[in-house]
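Residue numbering for the sequence shown follows my numbering, starting at 483 and increasing by one per position. Built from N, CA and C at the ideal position, the CB exists for glycine as well.
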Amino acid sequence: MRDEIREAIRGYYDVYFGIGEVYEKLAKMHGLTSSSLFVLQIIHQYPEQCTQHFICEKLLYPKQTVNTILDAFERKGYIFKKVAPWDKRSKYILLTPDGQQYADGILADMLHLEETAFLNMEADERTAMLHGERAFLKQLTLTMNSLEHNGTDRA
Numbered sequence: 483m484r485d486e487i488r489e490a491i492r493g494y495y496d497v498y499f500g501i502g503e504v505y506e507k508l509a510k511m512h513g514l515t516s517s518s519l520f521v522l523q524i525i526h527q528y529p530e531q532c533t534q535h536f537i538c539e540k541l542l543y544p545k546q547t548v549n550t551i552l553d554a555f556e557r558k559g560y561i562f563k564k565v566a567p568w569d570k571r572s573k574y575i576l577l578t579p580d581g582q583q584y585a586d587g588i589l590a591d592m593l594h595l596e597e598t599a600f601l602n603m604e605a606d607e608r609t610a611m612l613h614g615e616r617a618f619l620k621q622l623t624l625t626m627n628s629l630e631h632n633g634t635d636r637a
C-alpha cells in the first residue's frame, strides 16, 4: 500500500510541476516570470482591494519578491500606487491605462489557455479534478495543522 501511495505522490508531483512549467512558458512568451504573471493577474482581478500585503497573502509570495515585481511594473509605467484612505502606510496597487492594456493582452492568453484546457476535458473530468484537489488540500491542511500542533513527530 505504501508503494502505491508513494507512486501516487510522484505522479502528483509530475502533474504539479508540469502545470507550473506551462505557466512559466506562457509568462516567458510575454517576457515575464510566472511569479510576475500571477502578480499581474491578482492586480487585474482585484483592482479595488489590491495592496502589496493582499498580493503576498493571495499568492503566498515573500514581501521582497512582490516588491521587486511591483517596482519593475512601476518603472515600466504599468502600475501606480495610491495611498489607502484607511491606512496611510498601505498603498493600493492600480493599473495605469498602459498597464490595463498590457494586462488585458497577457491575461487574455492565459484565460484562453485555461478555458481551452477545461473545455477539452469532459465535465466529469473537471468535476473529478476539482473534487480531488479540494480533498487533497483538505487532508494536507489537516495534517499540517496536526504537525504544527504536535510538533514534527510522526506516528
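Identified DSSP bridge partners for residue i
{"i": "phenylalanine 562", "result": "Leu576"}
{"i": "threonine 533", "result": "Tyr574"}
{"i": "aspartate 569", "result": "Ala566"}
Residue j beta carbon less than 9 Å from that of residue i
{"i": "glycine 581", "j": "isoleucine 537", "result": "no"}
{"i": "leucine 552", "j": "glutamine 534", "result": "yes"}
{"i": "leucine 595", "j": "valine 504", "result": "yes"}
{"i": "aspartate 591", "j": "leucine 508", "result": "yes"}
{"i": "phenylalanine 618", "j": "tyrosine 495", "result": "no"}
Residue i to residue j span [Cα, whole Å]
{"i": "glycine 633", "j": "threonine 625", "result": "11 Å"}
{"i": "tyrosine 560", "j": "leucine 577", "result": "6 Å"}
{"i": "arginine 484", "j": "alanine 490", "result": "10 Å"}
{"i": "valine 497", "j": "lysine 570", "result": "43 Å"}
{"i": "proline 567", "j": "leucine 542", "result": "25 Å"}
{"i": "glycine 513", "j": "histidine 631", "result": "43 Å"}
{"i": "leucine 612", "j": "lysine 540", "result": "19 Å"}
{"i": "threonine 515", "j": "serine 628", "result": "34 Å"}
{"i": "arginine 616", "j": "leucine 622", "result": "10 Å"}
{"i": "glutamate 556", "j": "asparagine 549", "result": "10 Å"}
{"i": "glutamate 486", "j": "serine 517", "result": "33 Å"}
{"i": "alanine 599", "j": "threonine 547", "result": "29 Å"}
{"i": "tyrosine 574", "j": "lysine 558", "result": "17 Å"}
{"i": "lysine 545", "j": "valine 521", "result": "12 Å"}
{"i": "arginine 608", "j": "arginine 488", "result": "24 Å"}
{"i": "alanine 610", "j": "glutamate 597", "result": "17 Å"}
{"i": "glycine 614", "j": "lysine 620", "result": "10 Å"}
{"i": "phenylalanine 562", "j": "alanine 554", "result": "11 Å"}
{"i": "methionine 603", "j": "proline 579", "result": "36 Å"}
{"i": "isoleucine 501", "j": "methionine 511", "result": "16 Å"}
From the options, residue whose alpha carbon lies closest to that of residue i
{"i": "tyrosine 584", "options": "Asn549, Gln523, Tyr505", "result": "Gln523"}
{"i": "glutamine 639", "options": "Arg616, Leu593, Ser572", "result": "Any question about residue 639 goes unanswered here, given that the chain covers just 483 to 637."}
{"i": "proline 529", "options": "Phe499, Lys564, Gly493", "result": "Lys564"}
{"i": "aspartate 586", "options": "Ile487, Leu519, Ile575", "result": "Leu519"}
Whole alpha helix (DSSP H) runs in the region 500-554 with 4 or more residues, listed along the chain? Counting only runs of 4 or more, we get 516-527, 534-541.
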